[in-house]
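First up is the structure itself, then whatever we jot down about it.
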Amino acid sequence: MVFKLGLAIASRATYTSKSLQLSRHCSSFPKTDNTFANGIQNDNKSLDFDFHHLFLSCPNAHFAKRLHGLLVLTGEAHNIFFSTRLLNLYSHLGDVSSSYLAFGQIRKKNVFTWNSMISGFVRNACFVEAVDCYYQLLGSSGIRPDSFTFPGVLKACVDLNDGRKVHCWVFKLGFGLDLFISASLIHMYTRFGLVGDARKVFDEMPVRDLGSWNAMISGFSQNGESAGALRVFEEMKLVGVKMDTVTVSSVLPIFGPLNDHVGGMLIHCSVVKHGFESDVFVSNALINMYAKLNNLRAARRVFDQMMVRDLVSWNSVIAAYEQHFEPHVALKLFLKMKSIGFQPDRLTIISLASVAAQCGSGHNGRSIHGFTIRRSWIAEDTIIENALVDMYAKLGHVEPALKVFEGMTRKDVISWNTLITGYAQNGLASDAIEVYDRMPGFGDIVPDQGTIVSILPAYSHVGALRKGMGTHGRAIKLGLHVDIFVGTCLIDLYAKCGELVEATSLFQEVPRRSSVPWNAIISGHGIHGHGDKSLELFKEMQDEEVEPDFVTFISVLSACSHSGLVEHGRHYFKLMQEKYGIKPILKHYGCMVDLLGRAGHLDAAYEFIKEMPFQPDSSIWGALLAACRIHGNVELGKVASNQLFVVDSENVGYYVLLSNIYANIGKWDGVDEVRSLANDRGLRKTPGWSSIEVNNRVNVFYTGNQSHPLSEEVYKELEVLLTKMKSIGYVPDYSFVLQDVEEDEKERILLSHSERLAIAFGIISTPHKAAIRIFKNLRVCGDCHNATKFISKIVDREIIVRDSNRFHHFRDGRCSCGDYW
DNA sequence: ATAGGGTTAG
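For the first sequence, the UniProt record's numbering begins at 1 and goes up steadily by one.
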């Protein structure tokens with residue numbers, strides 16, 4: 001029975017890829033091995049072979065070699081008919097070199113031979129060789145290419161010049177009207193992005209068959225011209241050409257980019273109507289379409305209903321889950337895929353790299369890297385290497401990311417963007433800036449939207465307003481400033497550098513139908529302590545019917561917490577769930593704990609943590625601990641730190657906070673205890689630093705550091721200021737000094753806090769009355785905050801301090817935060 | 001004996 005099936009496939013004749021595909025899917029293939037072997041065995045005695053039959057049932061390259069031997073043995077090797085079939089057989093079985101060897105042995109080649117060789121090369125993706133073969137054919141006397149030659153050659157053209165030359169020959173030999181060739185020409189031109197030339201070929205066709213329509217549709221869709229593809233598709237339906245599975249799999253990819261749910265589903269309906277679901281290409285395209293339309297369930301349903309799945313099906317469904325941040329489902333599917341015998345390919349690996357990053361699994365990440373090395377995909381596949389750089393960066397492993405990047409032979413814009421983003425997202429803004437400055441900016445590597453949105457947050461992070469403005473100019477030159485993401489990053493930059501007015505005016509210019517720019521401007525006002533303005537903007541957003549997302553509520557809630565708007569915060573936390581159906585994530589809870597804690601509702605904050613639906617992490621307990629520091633609650637502070645020393649025992653910040661609480665009430669044994677705890681764990685305090693941009697140069701000051709060229713003058717200035725400050729009522733608050741030392745010493749310690757060094761430097765190195773902008777990596781110290789108020793009055797300057805939390809705008813002896821932060 | 005147009009990505 002099975003045997004008959006094998007023969008039936010074979011007897012429908014010819015080694016078209018379709019029949020081979022079918023026979024590969026036929027799990028009973030080994031039986032036909034026997035057919036072949038028996039055929040040889042039986043006929044060997046009489047030396048009378050049915051070569052026809054043997055060709056048709058030859059199962060693999062090994063038997064092809066035996067067949068080859070038999071041909072030689074029986075003197076049939078020079079039969080052009082058989083030898084051409086032999087080279088064809090080899091190429092179908094994936095053995096191009098044997099195919100080419102057989103080709104070389106044929107002394108008198110005819111067009112069939114040449115055509116077979118060319119298409120054999122193409123089938124095995126040896127495009128350069130195929131084109132070469134075509135040129136040899138042109139050069140051999142007495143033989144002309146025929147209509148069968150061109151489709152293969154056109155597919156092989158990796159160079160546009162070759163493509164155009166072949167097109168000329170097509171004209172010269174009078175094949176301009178051949179349908180197969182026309183479709184191939186259309187395909188060739190669209191491969192080089194020349195949709196116009198393709199369209200010209202298409203328009204000049206007096207008759208069009210389905211193949212040329214399909215070529216035109218896919219030509220548009222693959223060049224990102226979804227609307228164009230849709231137009232051709234509609235046109236085709238209008239003239240009454242019936243679509244087939246190829247049409248369907250060519251149009252399906254456009255509905256994702258067009259965000260056209262209805263259109264996509266309509267096609268899905270006709271797929272069902274025509275029974276196209278059984279086509280693997282069609283189902284795969286459906287999975288991808290639904291994934292891009294964010295309809296993960298529909299994508300999964302298509303996948304589950306498939307009878308036959310191929311590697312693309314698995315890759316598609318894995319990528320779908322990966323892109324919807326369900327790495328564990330993706331991983332499970334991958335294991336399943338492997339267990340039924342599918343080997344991962346490059347696309348699987350690209351998804352898996354992201355899956356590993358999302359799981360935070362460094363172990364998986366390294367195995368993926370190892371796998372690509374074993375397959376020698378590394379150093380030759382830019383996309384995979386970019387994926388690896390991205391993976392390592394997201395895992396927080398910056399050094400391996402850099403190593404992969406440096407080892408790349410072909411870096412493109414995305415490689416650079418990925419590395420810049422990688423540094424920026426790991427808090428290494430200055431490294432990000434360094435990489436950006438190193439970026440060539442010519443050739444193929446021209447900064448694009450991705451570059452701008454990766455570097456701007458780095459500038460925002462260190463408050464490098466001047467450099468950021470330079471990039472703003474570059475974005476305008478590149479015409480990228482109209483882009484909504486670039487615009488949003490610029491809003492964020494100006495807001496984070498204290499230029500709220502500039503940020504607001506940019507916001508007015510940016511298209512605001514999406515929540516993205518709104519989120520930026522809301523949080524911008526929030527960090528400046530203008531909570532009321534943030535809420536006003538949120539109302540405006542609702543009035544304009546812009547759908548808020550989870551980021552919007554992080555902005556809103558943190559704005560509430562910066563301004564002490566407790567009741568508003570509670571209200572919006574509820575609203576977000578009840579009206580907008582947004583499930584709060586850890587960050588929202590963090591904002592709420594911060595909000596309640598800072599406002600002094602410490603017990604409420606603690607209750608809130610206890611009622612959280614998931615495990616609180618260090619950010620939650622950290623918020624509670626910080627609140628305990630402000631309100632001097634030792635008991636709860638200890639509870640919070642005990643949790644913190646478990647979940648994030650490596651972070652010194654929390655040890656410092658707790659010892660701060662003890663120092664505040666003069667409990668020096670507590671301070672000592674915490675310090676020795678930190679010492680035992682080998683932890684050292686994160687050095688605090690502050691920076692100030694003067695004359696387009698960033699000056700960095702570390703606490704107590706005297707290495708700055710002007711540090712002597714800086715300390716002199718601070719001494720002068722201190723006397724003046726004291727005369728108008730400044731009293732140092734020694735509770736911010738963690739060392740149990742004499743008061744003189746404490747005063748000196750406070751004086752050498754990095755923010756004060758930076759401010760004093762600003763005073764002596766910028767023009768009279770110019771505003772001073774300081775950036776501090778940690779939170780500003782309470783005594784420095786108080787001192788800065790006095791300084792702003794004495795020197796009559798605006799002093800803007802941005803710390804890791806928010807802005808402090810000092811003017812005339814007051815701070816914009818109203819001492820609430 | 002030889003031929004076209006199809007799905008997935010950083």
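Even glycine gets a Cβ: it sits at the ideal position worked out from N, Cα and C. Keep in mind it's a predicted model, so treat the numbers as computed, not measured.
Restricted to the segment 600–647, the alpha helix (DSSP H) segments that are unbroken, complete and at least 4 residues in length are 602–610, 618–631, 634–647, listed in chain order. Here G782 is not near F810, since their CB atoms are 8 Å or more apart. Apart from the 5 residues on each side of it in sequence, V551 sits with its Cβ closer than 6 Å to the Cβ of N519 in its chain, given in chain order.
The Cβ neighbour count for S354, taken over all protein chains shown within 10 Å, is at least 16; the residue is labelled buried. Taking 4 residues as the minimum length, the alpha helix (DSSP H) runs contained wholly in the segment 542–595 are 550–563, 566–578, in order along the chain. The shortest CA-to-CA distance from G470 to any of L456, D310, S278 is the one to L456.
In the structure shown, E129 falls within a helical segment according to DSSP collapsed to helix, strand and coil. N88 counts as buried, since at least 16 other C-beta atoms from the protein chains shown sit within 10 angstroms of its C-beta. Within the same chain, and ignoring the five residues on either side of I772 in sequence, the residues whose Cβ sits closer than 8 Å to its Cβ are I692, I759, G762, I763, T766, R797, E798, I799, I800. Straight-line spacing of the CA atoms in P400 and N633 works out to 43 Å. In the three-state DSSP reduction, N315 falls in the helix class (H, G or I). Per the coordinates, the alpha-carbon of N38 lies some 13 Å from the alpha-carbon of F55.
Of the residues assessed, M439 falls on the buried side of the cut-off, its CB having 16 or more other CB atoms within 10 angstroms. In this structure, N60 sits near L93, with a CB-CB distance shorter than 8 Å.
The criterion of a C-beta distance shorter than 8 Å is satisfied by V398 and G422.
Nearest in C-alpha terms to N679, of all of W689, V652, Y662, is V652. Between the beta-carbon of F775 and that of I728 there is about 27 Å, and that puts the pair past the 8 Å contact cut. D492 and A503 have their alpha carbons spaced roughly 7 Å apart. By the neighbour-count criterion, in which 16 or more other beta carbons inside 10 Å mark a residue as buried, F442 falls on the exposed side.
With fewer than 16 other Cβ atoms from the protein chains shown falling within 10 Å of its own Cβ, C168 counts as exposed.
For G396 and E225, the gap between their C-alpha atoms comes out near 37 Å.
Sequence-distant partners of D209 (beyond 5 residues in either direction) whose C-beta falls short of 6 Å from its own C-beta, in its chain, are L179. By a beta-carbon distance limit of 8 Å, Q449 contacts V486. Their separation comes to about 6 Å.
Between F807 and G529, the C-beta gap is smaller than 8 Å, which places the two residues in contact. Taking all protein chains in view, the Cβ of M576 is crowded by 16 or more other Cβ atoms within 10 Å, so the residue is classified as buried. Take R346, set aside five residues on each side of it, and the residues of its chain with a beta-carbon closer than 7 Å to its own are W377, D381, I384, in chain order. Where I118 is concerned, the enclosing alpha helix (DSSP H) starts and stops at 111–123. Ranked by how close their Cα comes to the Cα of N214, the residues L160, T247, T190, S221 have T247 in first place. Looking at the DSSP output, H809 sits in a beta bridge with I800. Between the C-alpha atoms of G75 and D95 there is a straight-line separation of about 23 Å. Beyond the five residues adjoining it in sequence on each side, D603 comes within less than 6 Å, by CB distance, of no other residue in the same chain.
Considering only G341, G193, C269, S212, the residue with the shortest C-alpha distance to V201 is S212.
Closest in C-alpha terms to L137, from the list K716, H601, R598, W114, comes W114. Non-local C-beta neighbours of W416 in its own chain, meaning closer than 6 Å and more than five positions away in sequence, comprise M439, ordered along the chain. Nearest in C-alpha terms to K539, of all of F175, H562, S515, S561, is S515. Burial is judged here by how many other beta carbons sit within 10 angstroms of a residue's own beta carbon; N284 has at least 16 and is buried.
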